Structure formats: structure tokens, C-alpha cells
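A.B. asks: If you read the protein sequences in the order shown, they are chains A and B.
Sequential numbering from 0 applies to the first sequence in numbering that gives the first Met the number 0.
Sequential numbering from 0 applies to the second sequence in numbering that gives the first Met the number 0.
Take a look at this one; I'll ask things after.
Protein chains: 2
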Amino acid sequence: MKKITIGEASRRSGVKVPTIRYYEGIGLLAAPSRSEGNQRSYETADLRRLTFIRHARELGFEVDAIRTLLSLQDEPNQSCASADAIAKARLVEVEQRIRSLTALKAELEMMVEGCGHGRVDQCRVIEVLADHGECMHSHH
Amino acid sequence: MKKITIGEASRRSGVKVPTIRYYEGIGLLAAPSRSEGNQRSYETADLRRLTFIRHARELGFEVDAIRTLLSLQDEPNQSCASADAIAKARLVEVEQRIRSLTALKAELEMMVEGCGHGRVDQCRVIEVLADHGECMHSHH
DNA sequence: CTACATCCTCTAGTGGCTAGAGGTGCAAGA
DNA sequence: TCTTGCACCTCTAGCCACTAGAGGATGTAG
Chain A
0 MKKITIGEAS
10 RRSGVKVPTI
20 RYYEGIGLLA
30 APSRSEGNQR
40 SYETADLRRL
50 TFIRHARELG
60 FEVDAIRTLL
70 SLQDEPNQSC
80 ASADAIAKAR
90 LVEVEQRIRS
100 LTALKAELEM
110 MVEGCGHGRV
120 DQCRVIEVLA
130 DHGECMHSHH
Chain B
0 MKKITIGEAS
10 RRSGVKVPTI
20 RYYEGIGLLA
30 APSRSEGNQR
40 SYETADLRRL
50 TFIRHARELG
60 FEVDAIRTLL
70 SLQDEPNQSC
80 ASADAIAKAR
90 LVEVEQRIRS
100 LTALKAELEM
110 MVEGCGHGRV
120 DQCRVIEVLA
130 DHGECMHSHH
């Protein structure tokens, strides 16, 4: 068994060193064994787990959701309904976020196009922000 | 001059009461005059400013950007180049965010579609997260 | 005059890290 | 062997933009 230092674990998983320690602190990653000099010593299973976490975080899953996904991963006999539900919920969130960002983009484009690059009192950027009536948002 | 309480200012601007006080604390909104009983008393100008802030926050502008936008608004003779630059930067951010969320959505859809609703060891949700090679992300 | 909503200040907590202080361990070169 | 210098350790505090709650004062309707 080769010992993997936290630095190497970081390099190989793409998770920063303080973040690995943070994950240990919040119980997302089990505390590894220590070397004689009290330094953390990881194994390849830990690298897999870290990569899993990093990937899930990149997909925008919250730490609590990841906790659930990890516990599911540990028991392969279980039904994957929970994992499916979590992913679906995340998909709905992402779709909603894309919709609102797209509306936003249109509004920002109107602001930027309308700005005559002159003085502030003719600038649509300020105007659109200041005047509620200009706003395209449906929720107003 | 009718006095506007913080609660009414909140209702009319759409900014929550503690958030208004918070904005005062960080110097985004000037401290208003007070009633005899030490209660904040706003004027219509404050309502306009609060609405401006709320709208800018909804568009995802950071508090620091809003500070700049507000100072521009206060001096209408100035060039609007800064406001334009801020809005453009925000537009670029939003476009980037939409792109990455769209990639994400595709990945989530693949995960959810692939899940056979059986046991975890056949579930693509877990599999995709665990196995780096499955990942579509370009940055890997 | 009494309820009761609203207001006040203050502190602490949220999520998911990140930065820094102040110290120890370890491997390689002189 | 010594020393240089990086990587590691723990701990606390900070980030953003709020939000929650304690504990008390004020204002208003019936």
C-alpha cells in the first residue's frame, strides 16, 4: 500500500487541499489514517470518493444531496429511486435557472444596446434599472 | 411629507425589512431621519433607490457594482461608460453561466434517462458521478 | 387601557469554502 | 550532518448577501 499525501490526493482528485480537510470536518469524507508524523494518508478508494464529490459539486449538487448519493453508492443493492429523485430535482432547478438567466440576458442586451455611450442621463443601463416600468420580468 | 415606515418601504420596494437595515449598515442606502420614537422614516427618493437596488440584485449585479451604478445615477452629467462596462461584464457572465448550465442539463438528462429505476448498481446517476470517463465536461 | 403588530439593536448562523497565523514533518542537496 | 524549503498540521477568522432570533421599545386599533 503506497501512502497518498493530501497534496497528491488533491492533485489527483482536483479538490483543493483545504477543501479536502473541510470535507473531512463536515463528515463528507471519512478521516483517513495518519502517518507517524500525524500526516493524513489516503487510499485509492478515497480518491474515487473525492472525484465523485468534485463531480457532483460541479453539477451543482448541494453537500447534503451528495451525502445521500454517497450513502446510496455504498449500498449497491438498494433501489436507486432516491438517486433518481435527487437528479431529477436538480434537473428541474437547472432548467428553471436557464429560463430565468435567458430572460435576464435579453434584458441586459436591451440595456447595453440602448446605451448611446453618451451621458448618464441618456443611458439605458441606468434608466432600465431605475424605472420599474421598463422591466420585462414577469414577476413584477 | 408623509412619513414612510420601514415596513411600508419594504412593501413598496419589495426589499425585506432586515435587508433594508442591512443595506443601511453597509452604506448602500443612506441612514434616514428618525421619528421621535427612534423609528426610521423614509421618503419617496429612498423608495426609488431601494427599487433600483432590488432590480439590480435581481439582475445579479453584485453589491459593489450597484454601489458604482448608484453613484453614477447621482451624477447624470458623467459619461455612462462605467455603467455600460458593468452591464456588459454582467452580460458576459450570464452568457457563460447559460452555456455551462446547458451542458449540465444535457448531462443530467442523460443520467436520468439512463436510470433504469432498478438497483443502485445499475443506476446511471451514481455511475456517471462515480466514473470520470462518462463525463461530458470539456474541462476534464 | 389593553392587545398586538411593528419597530429597535444586537449577535450569531447560513453554505461552501478560502486565507492566514504559527508551528511541525520530511526529502534532497551541500 | 546540516540546512533549506516545501508540504503538512491545527485553529481561527473572513467571504457574500443575507436571515433568524433574542429581548425590549413604540405605535395603533378597538
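For every residue, glycine included, the Cβ atom is placed at its ideal position computed from N, Cα and C.
Please read these numbers as outputs of a predicted model, since none were measured by experiment.
8 Å is my cut-off, CB to CB: does Thr-101(A) come that close to chain B?
C.D. replies: Closer than 8 Å to some Cβ of chain B, the Cβ of Thr-101(A) qualifies, so yes.
A.B. asks: Just how far apart, CA to CA, sit Tyr-22(A) and Phe-60(A)?
C.D. replies: Computed Cα separation, rounded: 15 Å.
A.B. asks: Less than 7 Å between C-beta atoms, sequence neighbours within five positions excluded: which residues of the same chain meet that for Val-16(B)?
C.D. replies: These residues qualify, in order along the chain: Ile-5, Gly-6, Ser-9.
A.B. asks: Touching or not, the stretch 87–99 of chain A and the stretch 97–104 of chain B, by the rule of three or more beta carbon pairs under 8 Å?
C.D. replies: Yes, since at least three Cβ pairs between the stretch 87–99 of chain A and the stretch 97–104 of chain B fall closer than 8 Å, the two stretches touch.
A.B. asks: Could you tell me whether any Cβ in chain A is nearer than 8 Å to the Cβ of Glu-35(B)?
C.D. replies: Not one chain A Cβ lies under 8 Å of Glu-35(B).
A.B. asks: Does Gly-132(A) pass the burial test, meaning 16 or more other C-beta atoms within 10 Å, or should it be called exposed?
C.D. replies: Because the pLDDT at Gly-132(A) is just 47, under 50, the model does not fix this residue reliably, and the point stays unresolved.
A.B. asks: What residues from chain B crowd round Arg-66(A), counting only those whose CB sits closer than 7 Å?
C.D. replies: Correct list: empty, because the minimum Cβ distance to chain B is about 13 Å.
A.B. asks: Val-93(A) touches chain B at which residues, Cβ-Cβ below 7 Å?
C.D. replies: Leu-100, Leu-103, Lys-104, Leu-107, listed in chain order.
A.B. asks: Using the three-state DSSP reduction, which class does His-136(B) fall into: helix, strand or coil?
C.D. replies: Residue confidence is low: His-136(B) scores 49 on pLDDT, short of 50, so the model does not pin down where it sits. No coordinate-derived value is stated.
A.B. asks: Would you check if the stretch 31–44 of chain B and the stretch 55–69 of chain B touch, i.e. whether three or more CB-CB distances between them fall below 8 Å?
C.D. replies: With the cut-off at 8 Å, the stretch 55–69 of chain B and the stretch 31–44 of chain B do not touch.
A.B. asks: Give the C-beta separation of Leu-49(A) and Ile-19(A) to the nearest angstrom, bearing in mind that I take them to be a contact with Cβ-Cβ under 8 Å.
C.D. replies: So it is a contact: roughly 7 Å between Cβ atoms.
A.B. asks: Mind checking if Gln-72(A) is an interface residue toward chain B, Cβ cutoff 8 Å exclusive?
C.D. replies: By this cut-off, Gln-72(A) is an interface position.
A.B. asks: Compare the beta carbon distance of Cys-122(B) and Ala-84(A) with 8 Å and say whether it is the shorter of the two.
C.D. replies: Contact: no.
A.B. asks: Roughly how many angstroms separate the alpha carbons of His-140(A) and His-54(B), rounded to a whole number?
C.D. replies: The first residue shown for chain A is 0 and the last is 139, placing residue 140(A) beyond what the model contains.
A.B. asks: Would you mind listing the alpha helix (DSSP H) stretches within the stretch 4–92 of chain A that are 4+ residues and don't spill past its ends, in chain order?
C.D. replies: Complete alpha helix (DSSP H) runs here, min 4: 5–12, 16–24, 43–57, 62–73.
A.B. asks: Name, going along the chain, the residues of the stretch 44–65 of chain B whose beta-carbon falls closer than 8 Å to a beta-carbon of chain A.
C.D. replies: Taking 8 Å as the Cβ-Cβ cut-off against chain A, the residues of the stretch 44–65 of chain B that qualify are Arg-47, Thr-50, Phe-51, His-54, Ala-55, Glu-57, Leu-58, Gly-59.
A.B. asks: For Lys-1(A), which three-state DSSP category applies?
C.D. replies: Correct three-state label for Lys-1(A): coil.
A.B. asks: If you drop the 5 nearest sequence neighbours on each side, which residues of the same chain put their C-beta closer than 7 Å to that of Pro-31(A)?
C.D. replies: The residues are Arg-39, Ser-40, Tyr-41, Asp-45.
A.B. asks: Could you tell me which of Lys-104(A), Leu-28(A), Cys-114(A), Arg-89(A) sits nearest to Lys-104(B), measuring between CA atoms?
C.D. replies: Nearest of Lys-104(A), Leu-28(A), Cys-114(A), Arg-89(A) to Lys-104(B), Cα basis: Arg-89(A).
A.B. asks: Kindly list, in the order they appear in chain A, the residues whose Cβ is closer than 7 Å to that of Lys-87(B).
C.D. replies: In chain order: Val-111.
A.B. asks: Whole-angstrom Cβ separation of Ser-34(A) and Lys-2(A), contact assumed at under 8 Å?
C.D. replies: Indeed, because the Cβ distance is near 7 Å, the residues count as touching under 8 Å.
A.B. asks: On the CB-based measure, 16 or more other CB atoms within 10 Å of its CB, does Ser-12(A) come out buried or exposed?
C.D. replies: Its Cβ being crowded by 16 or more others within 10 Å, Ser-12(A) is buried.
A.B. asks: Taking 8 Å as the threshold (beta carbon to beta carbon), is Val-16(A) in contact with chain B?
C.D. replies: Taking Cβ atoms only, chain B never reaches closer than 8 Å to Val-16(A), which makes this a no.
A.B. asks: Inspect the beta-carbon positions of Leu-71(A) and Cys-79(A) and report whether they are closer than 8 Å.
C.D. replies: Closer than 8 Å, so yes.
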